[in-house]
Amino acid sequence: MEFTREEHIQFLDLELKEQTQQYIATIQTSAISLLAKDEVYSTQFVKFENGELILKFKNDRGIPRKGEFLTAVLLKDNIRSYKNWGNITWAELRTKHQIEFSETVCIWQSFSGDKKFSIAGFRGVSLDFAEKIVDKCIVILGPKEPPYQYIQNLIKIVNKTPINSEPAKILDFDVINNNWEPIKLDNQSKINNLLLNQISLSKEIIIQGPPGTGKTYLMSEITAKLLSQNKSVLVTALTNRALIELVSKPALKPFLEQKKVHKTNLTVDEEKEVPKLQNTKEIVCSPENLSLATFYISSSLGAEIPEIPPFDYVIMDEASQALLAMFTATKLLGKHIIWIGDPYQLPPVVSLKDEIIKKKNLNFLIKGMNTICENISVPSYQLVKSYRLTDRSVKYTGVFYNDSLVSSSSKDYKLSYNDLIFDVAKLLNPKGGPTLIKTSLPIGDAKPDFGIYLILSLVRNLYTLKDGKIEISILTKLRRTVKEIQKGIANNIGNQSNLLVDTIERVQGLTNDITIFFIPNTMLEFSLNRALFNVATSRAKGQTLIIIDKGTLNYPHMNREVKQYLKKLDKDFSFEIEPSYNYKKIRN
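And the structure:
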C-alpha cells in the first residue's frame with residue numbers, strides 16, 4: 136500500500152492540529168479587537184423574509200462579504216452591547232454569555248435607505264436560533280468553528296475500518312497511475328438506464344460531470360428511479376446548498392409530497408424553499424426513503440463502522456471536494472455507491488501549508504477523487520453535453536477534457552449588446568465564450584488601481600443589459616483582491632443582489648450570465664492553477680472576460696492546458712487596454 140493507516144492518521148491529525156491552532160489564535164483574541172478587524176460584527180435584527188435572516192450594519196464598521204460563513208450568536212442582556220465587552224475574548228464571550236448560536240452564510244448586501252446603515256441577508260439559520268430572536272435584538276456574528284468533528288470522524292474511519300474489507304481497498308490503495316479514460320455518455324435518452332444497469336452490477340461507479348453537464352438533474356432522475364424500486368438512498372455532499380438543489384428537481388417531487396425525503400438539520404430558508412422536506416436530527420434509513428446529509432453528518436454515521444452497510448445506495452455529490460477517507464465512509468454506509476463529481480475541478484480545501492503537502496506527498500490523501508480515478512479500477516462515465524456553455528465556450532473549456540465536450544445550450548439564450556458603448560460592446564464575442572483583456576498591472580500588487588477601475592467600468596456598463604437583471608460574477612483567487620473590489624462596488628455602484636464578488640474556491644456549481652475573471656500580477660501559480668482556472672472560466676452562459684497583465688502569457692510555470700487555453704484565446708479574441716488618464720479619481 137502507498138500509505139499505512141498510521142501515515143493516513145498522521146495526515147488527518149496534522150490537519151486537525153492546523154485547524155485548531157488557527158481557530159484558537161482567533162478566539163483567544165479579545166472580541167473588541169476582532170470587531171475592529173471586521174472578524175466580529177455587531178448587528179441589529181430586522182426581520183425574517185423568505186427564510187432569510189436580515190440584519191442591519193453600521194456603515195462606519197465592516198460588513199461580511201457575500202459567501203462568507205459565520206457563527207451567529209445571541210448573548211445575555213448585560214453583555215449584548217459591545218461597549219460592555221471590555222477585554223473579554225471571543226471564546227469567553229461565547230462560553231460564559233451565549234444564549235443560542237447558529238452557523239450562517241451571507242448571501243446578499245444592500246443599502247438600507249439610511250446613509251448610516253447597510254443591510255445584509257443570511258441563509259442557513261437553524262430553527263432553534265430563529266425561535267429565540269426577538270424584535271430589534273442584537274445579533275453578533277463571529278468566526279465559524281472549523282469542522283473538527285468531520286476530521287475526527289475520518290480518523291475513526293481510517294483507524295477502525297477492517298483490513299481486507301471492501302471499504303479498506305480505498306484506504307490501502309497502491310499507486311498504479313492508470314490512464315483514466317471514462318466512457319463518454321452522449322445518448323441522453325439512454326444514460327439513466329445504462330447507469331442504473333451498471334450500478335446494479337457493480338459495487339460502485341464514477342460519473343464525471345464537467346461544467347454545466349446537468350449532473351444534478353441526472354442525479355435526481357437516478358435517485359427517483361431507485362426510490363421507486365423500494366430502495367433506501369442516502370445522498371451526501373459537501374454543502375447543504377447542493378442537497379437542496381438536488382431535492383428541488385421535478386423528479387423528486389412525488390417523494391416530497393409523500394414525506395419520504397428527510398434532511399438533517401433543516402434550516403429556516405431550506406424549510407421555506409422546500410416546504411415538504413422533512414427535518415430530522417439523525418440520518419433516516421428506510422426503504423423508498425431518501426436521506427440528505429452533508430459529509431460532516433454522514434461521516435459521523437460512517438465512524439460507527441457498521442458491520443453491514445445500512446443503505447442500499449449512497450450517492451456522493453461534489454465528490455471532487457471529498458478527502459480520500461470520506462470515500463471510505465460512503466463504502467461503509469452503502470451496498471452500492473455512485474460518486475458524482477469532476478476530478479478536473481476544485482479539490483478539498485485544507486489548512487495545511489503547501490510545503491508540508493508537497494514534502495509528505497499528501498495530495499493522494501487530500502484529492503480523494505483523483506486518487507480513486509487514477510489508482511483504483513472503478514467503472515467510470517463522463518457526461519459530455521454542456522447545457523450551460525455555448526459552442527464557442529466548449530471549444531475552450533474542452534481543452535481540459537480532451538476536447539470531448541459538446542454544447543447543448545439553449546439557442547434562445549442571447550444577450551443584445553446594442554445598448555452598450557462601443558468600447559465595451561467590442562469586448563463581447565457575438566458567439567459568447569471567453570475574451571482576453573491584457574493590460575499593465577504592477578508586479579506583486581493584489582489590489583491594482585487600474586485593474587479594479589477597469590472592472591468597475593465594465594460592471595457599470597454591463598448592467599444596462601437585460602434591464603439591469605443580468606447576473607454578473609467577479610471572480611479572483613485572492614481574498615485581498617475580493618475585499619478591494621467589493622469596496623469599490625459599494626462606493627461606486629452599490630451592492631446588487633445579482634452581482635457576486637468572491638474567490639473561485641467558493642463558486643463551484645455557480646451559473647451566471649457574465650463572468651469577469653481577474654488575475655492580478657502576483658502569486659500567479661495559484662491563479663493559473665489548472666482546476667481553479669477551469670472553474671473560473673466555465674461559469675457563464677454568455678461571456679467570460681479574463682483580465683490579466685500582458686506579461687502573464689510568458690509566465691514560465693503555467694500549466695500546459697491553461698497555457699494552451701490562453702495562447703489560443705490571445706490569437707482568437709483579445710484586446711489590450713492601457714491606463715491613459717487619471718482613473719483613480721473615478722474609482723474613488
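The sequence shown runs 136 to 723 under my numbering.
Think of the CB as a built atom: it goes at the ideal place given N, C-alpha and C, for glycine as much as any other residue.
Looking at the secondary structure, which residues open and close the alpha helix (DSSP H) in which residue i lies?
| i | result |
| --- | --- |
| residue 529 | 526-532 |
| residue 700 | 695-707 |
| residue 129 | With the chain represented from 136 up to 723, any question about residue 129 goes unanswered, as that position is not in the structure. |
| residue 492 | 489-495 |
| residue 553 | No alpha helix (DSSP H) holds residue 553; DSSP gives it neither H nor E. |
| residue 650 | Note, residue 650: premise wrong, no alpha helix (DSSP H); beta strand (DSSP E) at 647-653. |
| residue 248 | It is not in any alpha helix (DSSP H) - residue 248 carries neither H nor E in the DSSP assignment. |
| residue 466 | 459-468 |
| residue 567 | It is not in any alpha helix (DSSP H) - residue 567 carries neither H nor E in the DSSP assignment. |
| residue 501 | 498-501 |
Measure from the alpha carbon of residue i to the alpha carbon of each residue in the options, then state which is nearest.
| i | options | result |
| --- | --- | --- |
| residue 340 | 474, 280 and 668 | 474 |
| residue 626 | 250, 210 and 443 | 250 |
| residue 669 | 201, 477, 426 and 522 | 477 |
| residue 534 | 516, 672, 177 and 588 | 672 |
| residue 182 | 256, 224, 136 and 693 | 256 |
| residue 499 | 430, 310 and 585 | 310 |
| residue 155 | 487, 179, 296 and 414 | 487 |
| residue 505 | 258, 494, 540 and 482 | 482 |
| residue 403 | 267, 335 and 507 | 267 |
| residue 681 | 690, 695 and 701 | 701 |
| residue 707 | 334, 530 and 690 | 530 |
| residue 510 | 585, 636 and 312 | 312 |
| residue 463 | 306, 365 and 541 | 306 |
| residue 396 | 541, 157 and 420 | 420 |
| residue 253 | 217, 261, 198 and 269 | 198 |
How many angstroms separate the CA atom of residue i from the CA atom of residue j?
| i | j | result |
| --- | --- | --- |
| residue 596 | residue 574 | 19 Å |
| residue 238 | residue 458 | 22 Å |
| residue 292 | residue 284 | 12 Å |
| residue 209 | residue 236 | 6 Å |
| residue 276 | residue 159 | 17 Å |
| residue 514 | residue 319 | 12 Å |
| residue 479 | residue 240 | 27 Å |
| residue 532 | residue 169 | 42 Å |
| residue 614 | residue 640 | 10 Å |
| residue 803 | residue 228 | Outside the modelled stretch of the chain, which goes from 136 to 723, sits residue 803, for which no answer is possible. |
| residue 554 | residue 243 | 27 Å |
| residue 148 | residue 660 | 28 Å |
| residue 405 | residue 411 | 10 Å |
| residue 686 | residue 588 | 20 Å |
| residue 566 | residue 544 | 12 Å |
| residue 440 | residue 593 | 54 Å |
| residue 561 | residue 651 | 15 Å |
| residue 281 | residue 552 | 45 Å |
| residue 611 | residue 642 | 11 Å |
| residue 710 | residue 570 | 8 Å |
| residue 619 | residue 429 | 32 Å |
Can you look up residue i in the DSSP assignment and give me helix, strand or coil?
| i | result |
| --- | --- |
| residue 259 | coil |
| residue 451 | strand |
| residue 586 | helix |
| residue 634 | strand |
| residue 722 | Residue confidence is low: residue 722 scores 43 on pLDDT, short of 50, so the model does not pin down where it sits. Its coordinate-derived value is still stated next. Of the three classes helix, strand and coil, the one that applies to residue 722 here is helix, per DSSP. |
| residue 516 | strand |
| residue 429 | strand |
| residue 272 | coil |
| residue 225 | helix |
| residue 151 | helix |
| residue 238 | strand |
| residue 138 | coil |
| residue 601 | helix |
| residue 576 | coil |
| residue 667 | helix |
| residue 509 | helix |
| residue 592 | helix |
Got a sec, what are the start and stop residues for the beta strand (DSSP E) residue i sits in?
| i | result |
| --- | --- |
| residue 398 | 396-399 |
| residue 608 | 607-611 |
| residue 208 | 204-210 |
| residue 682 | 675-684 |
| residue 661 | No beta strand (DSSP E) holds residue 661; the alpha helix (DSSP H) holding it covers 659-662. |
| residue 535 | Segment: none, residue 535 is in no beta strand (DSSP E) and carries neither H nor E. |
**Request:** Within the stretch 290-351, note down every full alpha helix (DSSP H) run reaching 4 residues or more, in order along the chain.
**Result:** 303-306 and 323-336
**Asked** Mind pulling the beta strand (DSSP E) runs of 3 or more residues that sit fully within the stretch 161-189?
**Response** 176-184
**Prompt:** At which residue ranges does the stretch 366-415 contain complete alpha helix (DSSP H) runs of 4 or more residues, listed in the order of the chain?
**Reply:** 375-382, 388-392 and 403-408
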